[in-house]
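The working numbering numbers the first residue of the sequence shown as 2 and each following residue consecutively.
Ideal placement from N, C-alpha and C gives every residue a C-beta, glycine not left out.
One structure is given below, encoded as structure tokens.
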Amino acid sequence: MDYYLEECLSNQVPGKYLFPFLWMHGEEQSVLREEIEAIYHCGIREFCVESRPYEQFEEEPWWTDMEYVLQEAQKRGMRVWILDDKHFPTGYANRWIEKHPELKKVSLRLEYMDVAGPEKECALLANRLDAEESYVSIVAWKRNVNGEFGKESVNLTAHCQDGLVYWDIPEGIWRVFFVIRTYHSISSKKNYIDLLSRESCMAMIHGVYEPHYAHLKKYFGNVLAGFFFDEPGFHNDELTYCSKLGKSGMLIPWNDVLPKVLAGKMKVDENRIYCCLPMLWQDIGEITPRFRMAYMDSVSLKVKENFSEMIGNWCRMHGILSVGHLIEDMNAHMRLGYGAGHYFRALEGQDMAGMDIVLGQVNPEIRSVRCAAPVIEDCVDPAFFLYTLPKMAASHSHFCQRKKGRAMCEIFGAYGWVEGLPMMKAILDEMLVSGINYFVPHAFSPKYPDQDCPPHFWARGNNKQYLLFEKLVSYMKRCCHLLSDGIHKAPVALLYNAEADWSGGSYMPMEKLTEKLTHNQIDFDIIPEDEIYRAVCREEKITIYKETYQVLLVPYTEFMPERLFGWLMELRKEGAKVYFVDGSPSFCLKENEGYIIKYEELISKLYSLGIEKIVIQETSDIELRVYQYIRKKTELYVFLNEDKKKEWSGKIRVSGKQGVFYYPWENKIKKAIVNEGSLDLHLFPGELKLFISDDRDLNMLKDTESCFKRKNRKLLDLRFDISIWKKDQFELYCQNSKLINLAKTDFLPRYSGKILYETTFQLSGSERYSWMDLGIVGETAELWVNDIYCGACISKPYLFDAKFVLKEGENRIRVEVIANMAYKERDEFSKYFPLPPSGILGPVELWEITNS
Numbered sequence: 002m003d004y005y006l007e008e009c010l011s012n013q014v015p016g017k018y019l020f021p022f023l024w025m026h027g028e029e030q031s032v033l034r035e036e037i038e039a040i041y042h043c044g045i046r047e048f049c050v051e052s053r054p055y056e057q058f059e060e061e062p063w064w065t066d067m068e069y070v071l072q073e074a075q076k077r078g079m080r081v082w083i084l085d086d087k088h089f090p091t092g093y094a095n096r097w098i099e100k101h102p103e104l105k106k107v108s109l110r111l112e113y114m115d116v117a118g119p120e121k122e123c124a125l126l127a128n129r130l131d132a133e134e135s136y137v138s139i140v141a142w143k144r145n146v147n148g149e150f151g152k153e154s155v156n157l158t159a160h161c162q163d164g165l166v167y168w169d170i171p172e173g174i175w176r177v178f179f180v181i182r183t184y185h186s187i188s189s190k191k192n193y194i195d196l197l198s199r200e201s202c203m204a205m206i207h208g209v210y211e212p213h214y215a216h217l218k219k220y221f222g223n224v225l226a227g228f229f230f231d232e233p234g235f236h237n238d239e240l241t242y243c244s245k246l247g248k249s250g251m252l253i254p255w256n257d258v259l260p261k262v263l264a265g266k267m268k269v270d271e272n273r274i275y276c277c278l279p280m281l282w283q284d285i286g287e288i289t290p291r292f293r294m295a296y297m298d299s300v301s302l303k304v305k306e307n308f309s310e311m312i313g314n315w316c317r318m319h320g321i322l323s324v325g326h327l328i329e330d331m332n333a334h335m336r337l338g339y340g341a342g343h344y345f346r347a348l349e350g351q352d353m354a355g356m357d358i359v360l361g362q363v364n365p366e367i368r369s370v371r372c373a374a375p376v377i378e379d380c381v382d383p384a385f386f387l388y389t390l391p392k393m394a395a396s397h398s399h400f401c402q403r404k405k406g407r408a409m410c411e412i413f414g415a416y417g418w419v420e421g422l423p424m425m426k427a428i429l430d431e432m433l434v435s436g437i438n439y440f441v442p443h444a445f446s447p448k449y450p451d452q453d454c455p456p457h458f459w460a461r462g463n464n465k466q467y468l469l470f471e472k473l474v475s476y477m478k479r480c481c482h483l484l485s486d487g488i489h490k491a492p493v494a495l496l497y498n499a500e501a502d503w504s505g506g507s508y509m510p511m512e513k514l515t516e517k518l519t520h521n522q523i524d525f526d527i528i529p530e531d532e533i534y535r536a537v538c539r540e541e542k543i544t545i546y547k548e549t550y551q552v553l554l555v556p557y558t559e560f561m562p563e564r565l566f567g568w569l570m571e572l573r574k575e576g577a578k579v580y581f582v583d584g585s586p587s588f589c590l591k592e593n594e595g596y597i598i599k600y601e602e603l604i605s606k607l608y609s610l611g612i613e614k615i616v617i618q619e620t621s622d623i624e625l626r627v628y629q630y631i632r633k634k635t636e637l638y639v640f641l642n643e644d645k646k647k648e649w650s651g652k653i654r655v656s657g658k659q660g661v662f663y664y665p666w667e668n669k670i671k672k673a674i675v676n677e678g679s680l681d682l683h684l685f686p687g688e689l690k691l692f693i694s695d696d697r698d699l700n701m702l703k704d705t706e707s708c709f710k711r712k713n714r715k716l717l718d719l720r721f722d723i724s725i726w727k728k729d730q731f732e733l734y735c736q737n738s739k740l741i742n743l744a745k746t747d748f749l750p751r752y753s754g755k756i757l758y759e760t761t762f763q764l765s766g767s768e769r770y771s772w773m774d775l776g777i778v779g780e781t782a783e784l785w786v787n788d789i790y791c792g793a794c795i796s797k798p799y800l801f802d803a804k805f806v807l808k809e810g811e812n813r814i815r816v817e818v819i820a821n822m823a824y825k826e827r828d829e830f831s832k833y834f835p836l837p838p839s840g841i842l843g844p845v846e847l848w849e850i851t852n853s
């Protein structure tokens with residue numbers, strides 16, 4: 002048996018996979034101790050301290066409290082992470098920039114005017130500078146009668162004297178651009194670090210990292226696990242995820258070394274670069290896409306060197322790890338503004354891949370259309386947040402050696418109190434089946450009430466679902482453990498197309514392909530250009546680090562770096578299956594058209610290229626997700642039914658000759674019947690389970706699952722005594738009641754605590770049942786039959802194994818339900834989701850299930 006599975010079954014899973022936020026505002030140490038105890042009690046052994054904010058951050062009270070927190074963690078064998086700033090997002094550097102204004106961000110801004118010639122002895126007013134500003138270039142570009150730019154330009158920078166630009170205007174219409182170096186910035190981020198300046202980025206070290214090392218050195222590398230950075234970005238723009246070159250009026254991040262860098266990339270004289278700078282805002286002829294790609298390539302590499310690698314290297318030199326994530330939303334990860342230019346480069350120096358799912362970005366019930374959420378533009382795209390972003394993080398952990406297969410997701414935050422345990426599990430399962438195996442749950446807050454981005458897992462004892470949060474934690478840990486220290490198996494590599502976005506040309510968004518591949522159970526990794534240059538072709542397959550792919554897909558892009566295109570063609574010459582989807586770059590010749598696959602024919606073409614179809618029957622199976630993983634000789638398949646309403650049944654093709662089904666919620670295994678590589682699979686709505694190959698003798702397993710069938714279904718027409726939790730005990734609410742939604746106006750519309758159901762029913766000697774189904778439940782349920790505990794369910798189906806507790810004659814039922822907190826809290830974040838009912842709605846049934 003796989004050793005990791007053995008550790009799961011024996012409850013010996015290490016505690017490293019979860020480190021939730023513990024917020025600190027300056028609370029009493031006794032309050033902090035209680036929060037740490039709450040974290041420990043639910044099975045978590047690491048946590049991340051976050052100033053939210055702690056107004057005396059890095060002053061004596063902070064150091065005293067941090068010393069106390071670290072000592073309390075050490076007593077319990079726990080480890081601590083620290084979010085690396087006084088408040089998120091990372092980059093404030095605890096006022097270091099404010100104290101050292103010479104390190105603040107440098108940008109370019111643009112002004113322009115139009116003139117007509119010929120005109121001799123002209124002077125143009127250049128009184129456009131504010132304090133501390135200067136001209137980087139003043140350049141004129143000729144326009145035709147349609148207003149389009151031609152190839153002719155004149156650099157007028159040297160002609161500027163005493164606020165005037167002297168110029169004999171040649172014949173024609175000209176636009177004169179004034180490119181201005183400025184310290185203007187977005188007001189909320191004026192004292193944030195400049196990602197293009199290494200000296201400015203060092204403010205994070207001087208302002209946060211080194212002071213913590215000076216005060217807490219003895220904990221580094223033992224109790225103190227590392228630092229977490231949160232959403233650093235260029236911050237040259239705001240209130241949009243579409244901060245792309247070509248946007249009028251946008252500040253452009255700048256560093257004075259860029260002209261030389263760009264000249265090298267473009268293979269032109271540096272003076273030519275100064276003429277090209279207006280292309281960052283306006284489309285000036287055919288060179289514009291190349292110039293924009295060169296600029297974004299340059300600045301994203303600067304972020305990698307100045308920030309990501311610098312911080313990561315400092316942490317490793319001091320015996321700790323560096324983790325974090327960006328604002329990735331709606332492809333901001335490849336842009337300016339909230340982004341850092343390039344997802345993979347901006348996290349290259351970290352010890353885990355990183356991402357977050359917060360603010361309703363994943364709606365478990367809506368997977369096919371964009372839906373409302375409390376984010377910019379009030380809209381999220383499931384194709385991105387479900388099928389693209391998690392795969393980017395997982396992919397990074399697969400091909401970046403430093404990450405050792407670790408992919409982290411900050412999760413659960415700012416959904417509102419409506420996000421109870423059922424929604425948490427549904428969001429979590431989507432991340433697990435994508436390959437995410439470390440989580441930062443958001444958050445434990447020592448304040449209650451606290452309107453800051455709920456839910457909060459304990460809420461000073463007011464969140465009654467905390468009583469079952471421990472079970473969700475155990476589930477998370479088991480799944481993460483099984484998805485660690487192995488190799489992901491995927492047939493397709495998909496090119497990360499940041500360069501296409503940078504160019505300003507037309508292109509196919511990655512999410513159009515990720516969604517289509519996912520719905521056809523064809524797994525993939527997303528690979529950036531930098532890794533393509535490390536790719537090796539062996540036996541017609543592409544190998545990158547430990548991963549091997551059968552096919553490399555390139556989404557259509559109008560423009561692409563010519564070096565990249567050349568490398569892709571070299572891979573093809575070596576026998577690799579490299580294909581462009583729906584078209585190749587504009588500079589390609591007709592002879593390359595054989596490398597193109599039509600989007601509508603993509604799946605059939607992939608099958609013809611030798612990619613195996615996982616689902617054997619010819620049906621539509623878009624709700625089924627599959628993730629394949631190999632550890633030594635063990636093959637694992639993670640299966641998820643995304644549909645929260647319907648069951649899924651079918652035949653699956655697997656590699657192992659025999660194996661077991663693993664049920665991570667129940668922490669149980671059953672023997673699986675594999676017949677000539679075919680496996681019968683049944684999944685309840687929203688269910689996640691694993692098939693794990695196993696070469697030992699499985700005959701000792703009593704339970705076997707093959708073809709799932711129900712029989713002998715019995716509907717129980719029951720009346721219940723219902724009690725609610727008040728002042729540390731249950732008080733009777735009503736007697737002999739039918740099942741009702743207690744959230745209705747006439748009952749308990751503002752109640753969010755525990756609800757107790759008690760009743761009895763009779764079974765004759767001839768009746769045999771193994772399972773009890775409670776039907777619809779709002780929102781969690783624990784069942785006792787004849788005073789024997791049958792377990793807990795936090796999501797559909799509310800199905801309990803009762804085969805050894807049901808008896809002839811009278812049977813007593815006791816069910817404890819915990820309602821959704823949003824009925825009580827009614828917070829702003831919860832407005833985006835429907836509230837579940839409160840209590841048991843049924844129908845309550847007994848089943849016999851056969852696996853023959």
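Closest Cβ-Cβ distance between residue i and chain B: below 8 Å?
i    : result
G313 : In the structure shown, chain B does not exist; there is a single protein chain.
Give a yes or no on whether the C-beta atoms belonging to residue i and residue j are separated by under 8 Å.
i    : j    : result
C49  : P90  : no
Y663 : L6   : yes
H443 : F413 : yes
N256 : K190 : no
I543 : L572 : yes
I670 : L702 : yes
I612 : P492 : yes
L775 : Y799 : yes
L749 : F731 : no
G766 : A820 : no
Based on Cα-Cα distance, which residue from the options lies nearest to residue i?
i    : options                   : result
L473 : L842, I795 and H88        : I795
V806 : L483, Y734, K266 and W772 : W772
N713 : A820, K669, V627 and E846 : E846
N742 : L682, S765, K808 and P837 : P837
L252 : S108, L387, C161 and E366 : S108
N1   : G173, S135, I428 and A803 : Outside the shown range of the chain, which is 2 to 853, sits residue 1, and nothing can be said about it.
H207 : G792, H101 and K465       : H101
A226 : H213, F235, H236 and N237 : H213
S198 : C538, K105, L625 and G840 : K105
E809 : V177, L842, R697 and Q763 : Q763
L327 : T515, P391, I756 and E271 : P391
Q629 : I674, E602 and T549       : T549
Output the boundary residues of the beta strand (DSSP E) element that contains residue i.
i    : result
Y664 : G660 to Y664
R182 : L165 to T183
I543 : K542 to I545
Only counting the same chain, and skipping five residues up and downstream in sequence, which positions put a Cβ closer than 6 Å to that of residue i?
i    : result
E239 : I187
L689 : D430 and L641
F292 : C277 and M280
L733 : S724
V579 : L553, L569, L572 and R573
Residues in the same chain with beta-carbon distance under 8 Å from residue i, minus the five sequence neighbours each way, listed in chain order, please.
i    : result
G506 : P290, T558, E559, F560 and S587
K513 : A384, P556 and Y600
I37  : L23, F48, V70, E73, A74, R77 and M79
Apart from the five residues just before and just after residue i, which ones in its own chain have a Cβ nearer than 7 Å to its Cβ?
i    : result
R403 : D352
L263 : I274, A295, Y296 and S299
D379 : A373
W666 : Y476
Exercise. Is the number of C-beta pairs between the region 111-122 and the region 228-245 that are closer than 8 Å three or more?
Worked result: no
Exercise. Does the region 526-542 come within contact of the region 411-428, defined as at least 3 CB pairs closer than 8 Å?
Worked result: no
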